[in-house]
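Participant: Take a look at the following structure, please.
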Amino acid sequence: MLQYASATGLVRTILIILVIYFGIKILARLFSPFLIKFVAKKAEERFGGQFGSQQRQEPPKKEGEVTIDKMPNTKSSNKNVGDYIDYEEID
0 MLQYASATGL VRTILIILVI YFGIKILARL FSPFLIKFVA KKAEERFGGQ FGSQQRQEPP
60 KKEGEVTIDK MPNTKSSNKN VGDYIDYEEI D
């Protein structure tokens, strides 16, 4: 009961694989914009939920008003870094 592959069966299998491949490719091009919009919307909702509560607590600002949220770090220089050695150039 051995079965041998025929040329028509091979061609038929290759054609089925190609039809499935190009079908998926066409469907992906049709539905990818909707999928991308859906993913972007979900990401915006997720990030908006995390950061939205902080932004809503700020009082409304008047036009032209400047506010500083963080004071810069003041670094004091260390005056005791070493001895200064005076030198002369030799020509």
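Mapping of the sequence shown onto numbering that gives the first Met the number 0: position 5 corresponds to residue 4, and the numbering continues sequentially without gaps. All C-beta atoms in this analysis are idealised placements derived from N, C-alpha and C, irrespective of residue type, glycine included.
What number of angstroms, rounded off, separates the C-alpha of Thr-66 from the C-alpha of Pro-59?
Facilitator: Cα to Cα, the separation comes out at about 12 Å.
Participant: Do you know how far the Cα of Pro-71 is from the Cα of Glu-87?
Facilitator: Distance between the alpha carbons of Glu-87 and Pro-71: 40 Å.
Participant: So what's Thr-66 in DSSP terms, helix, strand or just coil?
Facilitator: Note: Thr-66 maps to coil in three-state DSSP.
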